[in-house]
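*Asks:* If you're matching them up, the sequences are chains A and B in order.
The numbers in full-length UniProt numbering rise by one with no breaks, and the one at position 12 of the first sequence is 12.
The numbers in full-length UniProt numbering rise by one with no breaks, and the one at position 110 of the second sequence is 110.
Here a beta-carbon is modelled for each residue, glycine too, at the ideal position from N, C-alpha and C.
Here the structure is a predicted model, which means the values were calculated and not measured.
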Amino acid sequence: MWKQLKKHRSSSSASSASCGESLSEEELARILEQVEDKKKLIATMRSKPWPMARKLAELREAQEFVEKYEGALGKGKGKRLYACRMLMAKKWAKFKRDFDNFKTQCIPWEMKIKDIESHFGSSVASYFIFLRWMYGVNLVLFGLIFGLVIIPEVLMGMPYGSIPRKTVPRAEEEKAMDFSVLWDFEGYIKYSALFYGYYNNQRTIGWLRYRLPMAYFMVGVSVFGYSLMIVIRSMASNTQGSTSEGENDNFTFSFKMFTSWDYLIGNSETADSKYASITTSFKESIVDEQESNKEENVHLTRFLRVLANFLIICCLCGSGYLIYFVVKRSQEFSKMQNISWYERNEVEIVMSLLGMFCPPLFETIAALENYHPRIGLKWQLGRIFALFLGNLYTFLLALMDDVHLKVKTTNFPPIPSAHHISFLKYNTFLVYNVHELKKFWKVDRPSCSFGSDVPASRKSVVAPLSDVDVHSPQRKFPTVPIALFCSCLFICYLADCELSKEFMRLTVSDMLVTYITILLGDFLRACFVRFMNYCWCWDLEAGFPSYAEFDISGNVLGLIFNQGMIWMGSFYAPGLVGINVLRLLTSMYFQCWAVMSSNVPHERVFKASRSNNFYMGLLLLVLFLSLLPVAYTIMSLPPSFDCGPFSGKNRMYDVIQETIENDFPTFLGKIFAFLANPGLIIPAILLMFLAIYYLNSVSKSLSRSNAQLRKKIQALREIEKSHKSVKGRATARDSEETANGNSKNSTQLQLPKEGTMRHSASQSQTLDQKAQGPEASSSAGKAVPPASQHLPISRSPGARTGSGQARPQAHPWRSASGKSAQRPRH
Amino acid sequence: MGSRASTLLRDEELEEIKKETGCEFGQITRLYSRFTSLDKGENGTLREDQVNFRGFMRTLAHFRPIEDNEKSKDVNGPEPLNSRSNKLHFAFRLYDLDKDDKISRDELLQVLRMMVGVNISDEQLGSIADRTIQEADQDGDSAISFTEFVKVLEKVDVEQKMSIRFLH
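1) With distances taken between CB atoms, is the gap from valine 168 of chain A to tyrosine 191 of chain A smaller than 7 Å?
2) Please give me, in chain order, every unbroken run of the alpha helix (DSSP H) with length at least 4 that falls completely inside the segment 509-578 of chain A.
3) Hey, out of A:Phe689, A:Tyr196, A:Arg383, whose CA is closest to phenylalanine 503 of chain A's CA?
4) Quick one: is tryptophan 567 of chain A buried, meaning 16 or more other Cβ sit within 10 Å of its Cβ, or exposed?
5) Secondary structure at isoleucine 656 of chain A, three-state DSSP: helix, strand or coil?
6) Would you mind working out which of A:Gly558, A:Leu686, A:Pro545, A:Arg704 sits nearest cysteine 527 of chain A, comparing C-alpha positions?
7) Relative to chain B, which residues along the segment 109-120 of chain A have a C-beta separation below 7 Å, given in chain order?
8) Comparing C-alpha positions only, which one of B:Gly117, B:Thr132, B:Ile164 sits nearest to lysine 274 of chain A?
9) Along the chain, where does the alpha helix (DSSP H) containing arginine 93 of chain B start, and where does it finish?
10) Taking Cβ-Cβ distances below 8 Å as the criterion, which residues of the segment 11-22 of chain B are in contact with chain A?
11) Just to confirm the assignment, what range does the alpha helix (DSSP H) spanning cysteine 317 of chain A have?
12) Starting from the Cα of lysine 166 of chain A, find the closest Cα among A:Lys175, A:Pro360, A:Asn201, A:Ile151 and give me that residue.
13) Enumerate in chain order the residues of its own chain whose CB-to-CB distance from aspartate 522 of chain A is below 7 Å, with the five nearest sequence positions on each side excluded.
14) Between the beta-carbon of isoleucine 128 of chain B and the beta-carbon of serine 142 of chain B, is there less than 7 Å?
15) Below 8 Å CB to CB, which residues in the same chain sit around glutamine 591 of chain A once its five sequence neighbours on both sides are set aside?
16) Give the single residue among A:Ala43, A:Gly376, A:Ser319, A:Ala171 whose Cα lies nearest to the Cα of residue 835 of chain A.
17) Where does serine 47 of chain A sit, in a helix, a strand or coil, going by DSSP?
18) For tryptophan 2 of chain A, collect the residues of the same chain with a Cβ closer than 7 Å to its Cβ; drop the 5 residues on either side in sequence, then sort them by chain order.
19) Counting contacts by CB-CB distance shorter than 7 Å, is glycine 728 of chain A in contact with chain B?
20) When the cut-off is 7 Å and only beta carbons count, does alanine 143 of chain B lie next to chain A?
21) Taking all protein chains shown into account, decide if valine 219 of chain A is buried (16 or more other Cβ within 10 angstroms of its Cβ) or exposed.
22) Output the distance between the C-alpha atoms of methionine 45 of chain A and arginine 97 of chain A, rounded to the nearest integer angstrom.
23) Can you tell me whether isoleucine 217 of chain A is buried or exposed, with buried defined as 16 or more other CB within 10 angstroms of its CB?
24) Can you give me the C-alpha to C-alpha distance between leucine 144 of chain A and aspartate 539 of chain A, rounded to a whole angstrom?
25) In whole angstroms, what is the alpha-carbon distance linking proline 645 of chain A and leucine 87 of chain A?
26) How big is the Cα-Cα spacing for serine 820 of chain A and proline 51 of chain A?
27) Leaving aside the five residues before and after threonine 252 of chain A along the sequence, list all residues of the same chain whose C-beta is less than 7 Å from its C-beta, in chain order.
28) Would you check if there are 3 or more beta carbon pairs closer than 8 Å linking the segment 55-69 of chain A to the segment 19-28 of chain B?
29) Can you pull out the residues from the UniProt domain "EF-hand" (83-118) of chain B whose beta carbon lies closer than 8 Å to at least one beta carbon of chain A?
30) Taking the runs of the alpha helix (DSSP H) that are 4 residues or longer, which of them lie wholly in the segment 206-279 of chain A?
31) Sort out for me which residues DSSP pairs lysine 102 of chain B with in a bridge.
32) Return the bridge partner residues of leucine 46 of chain B from the DSSP annotation.
33) Using a Cβ cut-off of 7 Å (strictly closer), state whether tyrosine 263 of chain A contacts chain B.
34) Quick check on the DSSP output: the alpha helix (DSSP H) that includes lysine 161 of chain B runs from which residue to which?
35) From the DSSP output, read off the bridge partner residues of asparagine 599 of chain A.
36) CA-CA distance, isoleucine 656 of chain A and arginine 170 of chain A?
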């Protein structure tokens, strides 16, 4: 303590000396030393054996000293800079910490999602996390479009009413403000900055000379670019997490045993569902085991599978032909005068009936095939997808004939209004149908997988397809890919100014349908079950309607496909992304409320682990599908003559050409022309293909070597296992024999064991570890045998892998010593 | 740190807890206020298990996320409570009901019964337990020791799964 006081006094003397001019060399050195001492003191303060009050006092003093003099350590002019640098470094560290905390607190809706997770499990919560991510992406896209296209147009473009394309025509003017007209996206909304048709083709606008058409084009392209980048980045980060999981063949039952309980569950109802799901998962593994041990009559199975596939192909062709026939008939009907309701809607009715009855038919045929339930389910999904795509193609083919006919007879690109109206009707009809189908199938679907082993649980149970809930994808699959694909093709025929309106309408109608379905299907149903239960004959809660479960895959797929629609439409309707942002926001609050108030946790509460990349992959596919038609129209179709920012040009991308010619210096123009030369682009593309091929082969070889290493480790493990069990028995026998003629000292038990086991290298290695084992295992609590001291310690690197083996050696030893203790000592 | 809760927690204790668990001051005070709100009888322990605040902190410290810069700090000192090995030890103690450092077949049966209720027959549970031991056991003693447990879970990302990020 005296030393501390002395230092204190000397430091205060140093302070008085430095008040005036710059310090001399020895003073500088002394201060440096003192500062170092103080720093060391601060670092080791915790371990000093002083009372708390004294520690705090010393700490404060040392910190003040360091702060005061650290700046003085820089020599001459550099001293200020040094002080500044230290200060900046500290402030920066503090700022980074605070910013990290702030970022964590800023994550929106975190508490809501955690609440849902504790009630419903992590799979339902993953839907909301996906929704939140989608909201973020849309917000960025909206910022881009709003900031770079809409705001400049509103601020600097020609005002409403100045040119024909920006004015409501006189004929429509009285009705233009009516709500019904506005709801239909006609009237004043149609002639606003939300739509493609409003924009003027002036090259520069305003006093900033903002190049609006160029900006419109670039923003359209960058919307796709940004979305692509962010989806792929998300997929890549997902795969990084999952590669460490790897092959789990070895420890299936151990994994289920030790890792299946979800400790984040905070609600007893969810816990009950978790019981049921763990039960199911164990039974599934049992079935897996049984399946793998099953014997097969190869030829019969093969014949039956071929027969089943043949029958299914017949069904598919039959349904395609039926649709073609019905569409042709409807075209004849449309020429007639008085047609009944049935004849008017025949196409939609037939298509929905096909969609309702073919899948169960496929399933009954598939019973012939006798596949493992999981594989059978994949086949089923594939066949249903083929059914719907096939129906779609035949439908469009049948329509195309008609449209081609019309194109030939009239000279301008037609707006095939009859057909596109019927397409929209079909779409909405299917959407309604799908929600109906969901309820129908969930209740009555027979369980086809386990046979008599599984007791009938309340709802049907189907073998898991990893973690994906398979009921709904096959129902949601049809609607929106059809809509997307149809829009792809109809884009070519519809004028671009008309298209934007259709997209808006479709988005809004889809949103409304979803909300209404949730309200009716979930909320009203829950109210009905809750309140009518008192006066109903059977138990509504346990029996037929009961409470709805949250349909994860249906909702996720709906979200994905709607995003596809938005991507396709955003080029033609800049306001669409804004509407989507609003829609996602309301959807978040609405669905959070609906889930908590009217849904019950799933029967099979599963973890949301590996299916995330499935949905991301689907999102990527949808992004490409929606990119294609837009790219096609940009490249090949001439824009409309009288509306939009590209009007009057030959092709939309001419705007880039124009900008390069007029705004950039000439040498840049030459460079761009050089780069755009096909002679340069084709080799570049070839190079990229070669790079892909090379990286692919590298990754394949790496994964092959990975698999080989894994096999080697497994083989080693098997050998060790059999070795250990043999040796375990051998040592038990040995120690029994040697225990007979032994005296009290436990170390003497070891020596004979050493003698018997010295003959092989691995055994002597294990001997070292056995000796070191009792030292290493703290929980063993045994005295260190003195005999271990003369054993070579150079084998310690091997001790790490072998330390596991030390223990088992201790056991026969322990049992042996136990036995020796039992025998009377002579 | 002038809140009501911190006056009940002395500075020395704070220091000790910080050294033992590696949590920051802010985290410890926040967790202390949570602890007092859970402790409805105000007798300093949580209801059923008679866990006091130190025990509470010690358990929670296992779930602190592992940070990279920690690994270089204290090579010679005792292992921090949130290392992978300690996390696995925590999980092991959950299943080792009689605390003899082995998970025997009976313990597995008890745990299975707790996880599954009455939905699976005893015979099937017995076979599941046997199969589990067969998969994991390497030394043939029909029980799962800690090292075998570690080997079973070596591919599981325990550092990430057994981590809860406390708000700073």
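*Replies:* With the given structure in hand:
1) Your numbering for residue 168 of chain A matches position 168 in the first sequence. Your numbering for residue 191 of chain A matches position 191 in the first sequence. It is a contact, given that the beta carbons lie within the stated cut-off.
2) 525-532, 552-570
3) Working through the first sequence from its first residue, we reach residue 503 of chain A at position 503. Considering only alpha carbons, the answer is A:Tyr196.
4) Looking up residue 567 of chain A in the first sequence gives position 567. Buried.
5) Here residue 656 of chain A refers to the residue found at position 656 when the first sequence is read from its first residue. Of the three classes helix, strand and coil, the one that applies to isoleucine 656 of chain A here is helix, per DSSP.
6) In the first sequence, residue 527 of chain A corresponds to position 527, counting from 1. Looking at the Cα atoms, A:Pro545 is the closest of the given residues.
7) none
8) Here residue 274 of chain A corresponds to residue number 274 of the first sequence, with the count starting at 1. Ranking B:Gly117, B:Thr132, B:Ile164 by Cα distance to lysine 274 of chain A puts B:Gly117 first.
9) Indexing the second sequence from 1 puts residue 93 of chain B at position 93. It spans 84-95 - the alpha helix (DSSP H) in which arginine 93 of chain B sits, taken as one unbroken run.
10) Asp11, Glu12, Glu15, Lys19
11) Numbered from its first residue, the first sequence carries residue 317 of chain A at position 317. It spans 298-335 - the alpha helix (DSSP H) in which cysteine 317 of chain A sits, taken as one unbroken run.
12) Here residue 166 of chain A refers to the residue found at position 166 when the first sequence is read from its first residue. For lysine 166 of chain A, the nearest C-alpha among the options comes from A:Asn201.
13) By one-based count along the first sequence, residue 522 of chain A stands at place 522. Excluding positions up to five away in sequence, the list reads Ala548, Ala594, Ser598, Asn599.
14) Along the second sequence, read from residue 1 onward, the residue named residue 128 of chain B stands at position 128. Along the second sequence, read from residue 1 onward, the residue named residue 142 of chain B stands at position 142. Contact flag unset, no.
15) Position 591 of the first sequence holds residue 591 of chain A. Around glutamine 591 of chain A: Phe128, Leu131, Ile518, Asn555.
16) Lying before the first or after the last residue shown, residue 835 of chain A is absent from chain A, which here runs from 1 to 826.
17) Walking along the first sequence from the start, residue 47 of chain A turns up at place 47. Looking at serine 47 of chain A - three-state DSSP - the assignment turns out to be helix.
18) Counting from one through the first sequence, the residue named residue 2 of chain A turns up at place 2. Bear in mind that the predicted position of tryptophan 2 of chain A carries a pLDDT of just 46, short of 50, making it unreliable; the figure below should be weighed with that in mind. Within the same chain, tryptophan 2 of chain A has no close Cβ partners at all.
19) What you label residue 728 of chain A is simply residue 728 of the first sequence in a count that begins at 1. So, interface residue.
20) Position 143 of the second sequence, counted from the start, is the residue given in the question as residue 143 of chain B. By this cut-off, alanine 143 of chain B is not an interface position.
21) Taking the first sequence and counting its residues from 1, one reaches residue 219 of chain A at position 219. Counting Cβ neighbours within 10 Å, valine 219 of chain A comes out buried, since at least 16 surround it.
22) Taking the first sequence and counting its residues from 1, one reaches residue 45 of chain A at position 45. Taking the first sequence and counting its residues from 1, one reaches residue 97 of chain A at position 97. Whole-angstrom Cα-Cα distance: 24 Å.
23) On the first sequence, position 217 is the one that residue 217 of chain A refers to. Before going on, a small fix: residue 217 of chain A reads as phenylalanine here, not isoleucine. Result: buried.
24) As a position in the first sequence, residue 144 of chain A is number 144, starting the count at 1. As a position in the first sequence, residue 539 of chain A is number 539, starting the count at 1. Straight-line Cα distance between these residues: approximately 54 Å.
25) Here residue 645 of chain A is taken as the residue at index 645 of the first sequence, counted from 1. Here residue 87 of chain A is taken as the residue at index 87 of the first sequence, counted from 1. About 54 Å.
26) For the purposes of this step, residue 820 of chain A is taken as the residue at position 820 of the first sequence. For the purposes of this step, residue 51 of chain A is taken as the residue at position 51 of the first sequence. Low confidence applies here, because serine 820 of chain A scores a pLDDT of 38, under 50, leaving its location unreliable; read the following figure in that light. Serine 820 of chain A and proline 51 of chain A: Cα-Cα distance of roughly 53 Å.
27) Here the question's residue 252 of chain A lines up with position 252 in the first sequence. Taken in chain order, the residues that qualify are Ser285.
28) no
29) Ala91, Tyr95, Asp101, Leu108, Val111, Leu112, Met115, Val116, Gly117
30) 212-242, 252-259
31) Against the second sequence, residue 102 of chain B aligns to sequence position 102. Answer is B:Ser145, bridged to lysine 102 of chain B.
32) The residue you call residue 46 of chain B lines up with position 46 of the second sequence. DSSP lists B:Val51 as partners of leucine 46 of chain B.
33) Translated into the one-based positions of the first sequence, residue 263 of chain A becomes position 263. No, because no Cβ of chain B sits closer than 7 Å to the Cβ of tyrosine 263 of chain A.
34) The residue you call residue 161 of chain B lines up with position 161 of the second sequence. Its alpha helix (DSSP H) spans residues 158-161.
35) As a working mapping, residue 599 of chain A is identified with position 599 in the first sequence. A:Ala548, per the DSSP bridge assignment.
36) The sequence position of residue 656 of chain A within the first sequence is 656, counting from 1. The sequence position of residue 170 of chain A within the first sequence is 170, counting from 1. Looking at the two C-alpha atoms, the distance is approximately 36 Å.
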